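*Asks:* Numbers 6 to 240, taken from my numbering, label the letters of the sequence shown in order. Glycine included, every Cβ here is placed at the ideal spot set by N, Cα and C. Model, not experiment: these values are computed from the prediction. The structure that follows is given in the form of structure tokens.
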Amino acid sequence: MPVISFANAKGGAGKTTAALLLATEIADRGRRVTIFDADPQKWISKWADLPNCNHRISVISEVSPATIAGQIQEAAQSGDYVIVDLEGTENLLVANALSMSDLVVIPIQGSSMDARGGAKILSLISKLEKIVRREIRHCVVLTRTNAAVTTRAMKAVQDSLAGNGVDVLMTPIVERAAFRDLFEFGGGLADQNPKTVTNLKKARENAAMIAAEILERAEVLPVRRRWYQFHKRAS
Ligand SMILES: Nc1ncnc2c1ncn2[C@@H]1O[C@H](COP(=O)(O)OP(=O)(O)O)[C@@H](O)[C@H]1O
Ligand SMILES: [Mg+2]
6 MPVISFANAK GGAGKTTAAL LLATEIADRG RRVTIFDADP QKWISKWADL PNCNHRISVI
66 SEVSPATIAG QIQEAAQSGD YVIVDLEGTE NLLVANALSM SDLVVIPIQG SSMDARGGAK
126 ILSLISKLEK IVRREIRHCV VLTRTNAAVT TRAMKAVQDS LAGNGVDVLM TPIVERAAFR
186 DLFEFGGGLA DQNPKTVTNL KKARENAAMI AAEILERAEV LPVRRRWYQF HKRAS
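Structure representation (structure tokens):
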């Protein structure tokens with residue numbers, strides 16, 4: 006099953022939130038997910054200790070630069086969807102996880118600082134593609150956007166990414182209390198109470214659209230087609 010990593014060299018970009026939304030959406034559809042909690046802050050592991058943790062989600066928090074590649078390979082072979090939540094930095098563990106990914110999702114808030122952290126990952130991916138000699142598919146998702154307005158800073162980030170040929174998801178992750186609540190109360194959006202969580206329906210629609218866009222990009226391609234795409238892009 007596909008390996009999907011969430012990376013941005015800057016902390017606070019929305020990686021963990023996006024990773025958890027995707028994991029819980031997949032699990033709610035009856036599929037099994039393994040999440041690698043590769044951030045020393047261990048937010049995903051803390052979430053897994055809260056009530057309502059879906060039995061289809063297993064979290065692996067013991068990871069190291071030396072073991073991560075083998076661990077990811079083993080989990081992917083077991084038939085689970087594999088999601089890797091990375092630390093907001095550039096290091097060997099991040100590079101090894103990206104090399105093993107079918108898709109790298111780069112969450113970026115509409116600010117130039119976040120975009121710089123995203124750009125570091127984009128340039129790391131392009132170096133790694135030469136080493137592993139295949140395309141490492143990647144896309145940007147804009148995060149914490151205002152439900153009502155598009156800010157000038159966000160529009161500037163969006164335009165600059167599109168100008169550089171970066172694939173940006175059509176659906177941004179909106180700033181919603183419901184997404185923060187998951188880390189307080191546990192479970193996924195389906196486990197939250199619509200009477201106490203504001204705009205839960207909107208949050209669920211948003212998460213479902215994001216998951217659909219990510220999963221459609223994460224389909225595992227046969228190796229030969231990957232080679233073809235990589236060489237076509239490189240030439
Ligand atoms: N879409 C969102 N809506 C509301 N709060 C969010 C959203 N995305 C992130 N946050 C909050 O912003 C902070 C950083 O997000 P997080 O996902 O932990 O980023 P990262 O993993 O990149 O460091 C957290 O407090 C999180 O709850
Ligand atoms: Mg995080």
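(1) Would you say the beta carbon of D196 is closer than 6 angstroms to some non-hydrogen atom of ligand 4?
(2) Scan the stretch 77 to 158 and note each continuous alpha helix (DSSP H) run of 4 residues or more that stays entirely inside, going in chain order.
(3) Would you report the Cα separation of V179 and A153, rounded to the nearest angstrom?
(4) Leaving out five residues on either side along the sequence, give the residues of the same chain with a beta carbon under 8 angstroms from the beta carbon of V68.
(5) Regarding D119 and ligand 2, is the C-beta to nearest heavy atom distance less than 6 angstroms?
(6) Decide if L194 is buried, meaning its Cβ has at least 16 other Cβ atoms within 10 Å, or exposed.
(7) Can you give me the start and stop residues for the alpha helix (DSSP H) that A23 sits inside?
(8) Going straight from the alpha carbon of V38 to that of A217, what length do you get?
(9) Give the secondary structure of A183 by DSSP, where H, G and I count as helix, E and B as strand, and everything else as coil.
(10) For S116, collect the residues of the same chain with a Cβ closer than 6 angstroms to its Cβ; drop the 5 residues on either side in sequence, then sort them by chain order.
(11) Rounded to a whole number of angstroms, what is the C-alpha to C-alpha distance between N204 and A183?
(12) Tell me the rounded alpha-carbon separation between E92 and N13.
(13) Which residue from A102, V146, L147, D196 puts its Cα closest to that of E134?
(14) Closest to G192 by CA distance: which of I9, K15, P7, T29 is it?
(15) Going by the DSSP bridge assignment, what does V171 pair with across the sheet?
(16) Sorted by chain position, which residues of the same chain lie with C-beta nearer than 7 angstroms to L129's C-beta, five sequence neighbours on each side aside?
(17) Taking the alpha carbon of N211 as the point to measure from, which residue in A124, G17, V173, A23 has its own alpha carbon closest?
(18) Verify the contact flag: G16, CB atom, against every heavy atom of ligand 1, threshold strictly below 6 angstroms.
(19) Report the residue from R181, N198, D172 whose alpha carbon sits nearest the alpha carbon of E221.
*Replies:* Reading from the atomic positions:
(1) As for ligand 4, it is missing from this structure, which binds only ligand 1 and ligand 2.
(2) 97 to 104, 117 to 137
(3) 9 angstroms
(4) F41, D42, A43, Q76, L98
(5) no
(6) buried
(7) 20 to 33
(8) 16 angstroms
(9) helix
(10) A158
(11) 7 angstroms
(12) 8 angstroms
(13) A102
(14) T29
(15) Answer by DSSP bridge pairing: none, since V171 is not bridged.
(16) E95, A100, L103
(17) A23
(18) yes
(19) D172
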